[in-house]
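S.K.:
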Amino acid sequence: MPTLTVLGRRACTWVHGVDTLPLMPLPSFDSQGDLPEGVHPATLSEVLERFGGGTTRRRQATDSLLHVLKLARLTRCLDRFIIFGSYVTAKAEPNDVDIFLVMNESFDVDDQTGEAREMFAHKLAQERLGASVFWVSRLTSFASIDYLYRGMAD
Numbered sequence: 002m003p004t005l006t007v008l009g010r011r012a013c014t015w016v017h018g019v020d021t022l023p024l025m026p027l028p029s030f031d032s033q034g035d036l037p038e039g040v041h042p043a044t045l046s047e048v049l050e051r052f053g054g055g056t057t058r059r060r061q062a063t064d065s066l067l068h069v070l071k072l073a074r075l076t077r078c079l080d081r082f083i084i085f086g087s088y089v090t091a092k093a094e095p096n097d098v099d100i101f102l103v104m105n106e107s108f109d110v111d112d113q114t115g116e117a118r119e120m121f122a123h124k125l126a127q128e129r130l131g132a133s134v135f136w137v138s139r140l141t142s143f144a145s146i147d148y149l150y151r152g153m154a155d
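One rule links them: number in our numbering = place in the sequence shown (from 1) + 1.
1) How would you label Glu106, buried or exposed, when you count the other beta carbons within 10 angstroms and need 16 or more for buried?
2) Can you find the residues in the same chain that come closer than 7 Å, C-beta to C-beta, to Leu140, ignoring five residues on each side of it along the sequence?
3) Which residues share a DSSP beta bridge with Ser138?
4) Got a sec, what are the start and stop residues for the alpha helix (DSSP H) Phe52 sits in?
5) If you count every other CB in all the chains shown that lies within 10 Å of the CB of Arg81, and 16 or more means buried, which is it?
6) Could you check how far apart the C-beta atoms of Ser65 and Val98 are, in whole angstroms? I think they sit under 8 Å.
7) Quick one: Cα of Met120 to Cα of Leu36, how far?
8) On the criterion of 16 or more Cβ atoms from any shown chain inside 10 Å, does Met25 qualify as buried, or is it exposed?
9) Might you give, ordered along the chain, the residues of its own chain that have their beta carbon closer than 6 Å to the beta carbon of Ser138, omitting 5 neighbours on each side?
10) Write down the C-beta distance between Glu94 and Thr56 rounded to the nearest angstrom, noting that I regard them as a contact closer than 8 Å.
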C-alpha cells in the first residue's frame, strides 16, 4: 500500500508501494484551516480518517479520490499520488478533490481504455469522475527537464 506525504501548504503525496514506514501523525491545521508547509508522511487510512468524513460534499470528494486511486493503481504504472487543494484543509465543503499523478517510465496513456483513459483527460475526469486530475510520467518529466537545461546552457 502507498504512503501519503503532505507537501507544501495544501498538498499530499502518496508514494506507491510504501505503507509500512514509521510515520508521524499529520500536523494540526493552522489558524486558517491549512496544514503547515512541509513534508508530512501519512498512511491512506490516516488521510481518510482526517479528511474523508463529515459533510456529504467531503464524503463525495473522498469517493472520487478512492475511485481515481483504484483506476491509477490498475495501470500498474503509478509512482506517486498527490492530493492537494481544499480537500486537504479543514474546509467542511471542499470544492472537489485535486489529484496529481506521477506515472512511471513505462506508462503510455494510449494503452489506457474506458474510465482509466478518461482519468488522464482533465476535463473528462472532472465531469465524470468528480476530480481534478493532473498527471505526468517520469519519462516525459525528466526529458523535459533535460531539454530545459540544454536550452539554458546553449
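Ideal placement from N, C-alpha and C gives every residue a C-beta, glycine not left out. Computed from a predicted model, the values in this text were never measured in an experiment.
M.R.: In short:
1) Here residue 106 refers to the residue found at position 105 of the sequence shown. By the 10 Å Cβ count, Glu106 comes out exposed.
2) If you number the sequence shown from 1, residue 140 lands on position 139. So the list reads Glu106, once near-sequence residues are dropped.
3) Taking the first residue of the sequence shown as 1, we reach residue 138 at position 137. Ser138 pairs with Met104.
4) For the purposes of this step, residue 52 is taken as residue 51 along the sequence shown, with counting starting at 1. Counting along the chain, the alpha helix (DSSP H) containing Phe52 begins and ends at 45 to 52.
5) Locating residue 81 in the sequence shown gives position 80, where the first residue counts as 1. Label assigned to Arg81: buried.
6) Indexing the sequence shown from 1 puts residue 65 at position 64. Indexing the sequence shown from 1 puts residue 98 at position 97. Between Val98 and Ser65 the Cβ distance is about 5 Å, and since that is below 8 Å, they are a contact.
7) One-based indexing of the sequence shown puts residue 120 at position 119. One-based indexing of the sequence shown puts residue 36 at position 35. Looking at the two C-alpha atoms, the distance is approximately 27 Å.
8) Taking the first residue of the sequence shown as 1, we reach residue 25 at position 24. With fewer than 16 Cβ atoms within 10 Å of its Cβ, Met25 is classed as exposed.
9) One-based indexing of the sequence shown puts residue 138 at position 137. Once the five neighbours on either side are set aside, the close Cβ partners of Ser138 are Met104, Phe108.
10) Looking up residue 94 in the sequence shown gives position 93. Looking up residue 56 in the sequence shown gives position 55. Yes, they are in contact, since the Cβ atoms of Glu94 and Thr56 sit about 6 Å apart, within 8 Å.
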